[in-house]
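The sequence shown begins at 0 in numbering that gives the first Met the number 0 and counts up by one.
Note that beta-carbon positions come from the ideal geometry of N, C-alpha and C, so glycine has one too.
Since the structure comes first, as structure tokens, the remarks are kept for the end.
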Amino acid sequence: MALDPSLLSGLQTAQKGIVLVIRDLQKRPDYSKQPDFKTYVTRFNAYNQALLNALAQSTLSSDMREALVTQSKNDVLPDIEKLIHDNIAQSQMGQLNTNQTISAPLALEQNKTLSAEQADIQSLNALLSVDDTTDTNPKQSNTQSNSNEDSPEPQTRPDDTTDSEPVQTPPPRPYAPEIIPKTEVISRFSEWARSLGGEDTDAA
């Protein structure tokens, strides 16, 4: 099982970025004059190795994820933040300022790399905080699927009302002829004949 594509991309981006940060820092003309820079490089190299180790895994355990996040927050992001602030200060110094150890254009150029890596690490930490190794949604989905197979429920289309509504017999049309029993016809005819003064045919 391979790493989640988003997590894999995040690891690769952060790993490539930290290599660029190390390269830029070591190429600075004042690198040998700043003891802190060597400390930064040591921490950045350790983080780079941790990222490479993570990329070699098929899955990342919760402990590995937590270790990467903790390492970045304790050792990497604070150093990057300090370098960014120092470069801003360098870029604002005048050329005659003896405290300026690199040119303003170089300081601003390195800040682009540092800021990009800072954002990439923060994005990676967000991905690492989502532990997909204990995702139970697929199992729940399979359980639901099996349950449906064992006891399927009838599917009713919106226009299918045969099973849900009783069949209603339409009322008789008002103009339909009245069907009168034969005995009733004879009885009515006899009454009509008597009313005319005639004889009852039944009696006859």
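Using CA coordinates, which residue listed in the options is at the minimum distance from residue i?
i: S5; options: K72, L54, T112 and A45; result: L54
i: G16; options: L126, E183 and K111; result: K111
i: Q99; options: L107, S189, Q89 and S114; result: Q89
i: T97; options: D29, L24 and T38; result: D29
i: D119; options: T12, E190 and L2; result: T12
i: A103; options: L113, S114, I87 and L95; result: I87
i: S60; options: T38, Q94, T182 and D3; result: D3
i: D85; options: Q109, S186 and D62; result: Q109
i: K81; options: T38, S186 and T182; result: T38
i: T58; options: P34, I185 and L7; result: L7
For residue i, which residues of its own chain have a beta-carbon under 8 Å away from its beta-carbon, when the five flanking residues on both sides are left out?
i: I257; result: The displayed coordinates of the chain run from 0 to 203. Any statement about residue 257 would go beyond what the structure contains.
i: D62; result: none
Quick check on the DSSP output: the alpha helix (DSSP H) that includes residue i runs from which residue to which?
i: N44; result: P34 to L54
i: I120; result: A103 to L127
i: G16; result: P4 to Q25
i: Q70; result: S61 to Q70
i: N244; result: Given a span of 0 to 203 for the chain in the structure shown, any question on residue 244 remains unanswerable.
Please check the pair residue i and residue j, which I expect to be a contact at CB under 8 Å, by giving their CB distance rounded to whole angstroms.
i: I83; j: E116; result: Not quite, the Cβ-Cβ distance comes to about 10 Å (not below 8 Å), so this is no contact.
i: L24; j: F36; result: 6 Å
i: A49; j: L76; result: About 14 Å; that fails the 8 Å criterion.
How should residue i be labelled, buried or exposed, when 16 other C-beta atoms within 10 angstroms of its C-beta is the threshold for buried?
i: Q14; result: buried
i: Q204; result: With the chain running from 0 to 203 in the structure shown, residue 204 is simply not present.
i: Q56; result: exposed
i: A1; result: exposed
i: N73; result: exposed
i: K32; result: exposed
i: R193; result: exposed
i: G94; result: The displayed chain sequence assigns Gln, not Gly, to residue 94. It counts as exposed.
Residues in the same chain with beta-carbon distance under 7 Å from residue i, minus the five sequence neighbours each way, listed in chain order, please.
i: I101; result: R27, P28, D29 and Q89
i: S71; result: Y46, I120 and N124
i: L51; result: Q14
i: S122; result: G9
i: L113; result: V20, I79, L82 and I83
Just to confirm my understanding: we take residue i, look at its own chain, exclude 5 residues before and 5 after, and list those with CB closer than 6 Å. What are they?
i: L107; result: S90
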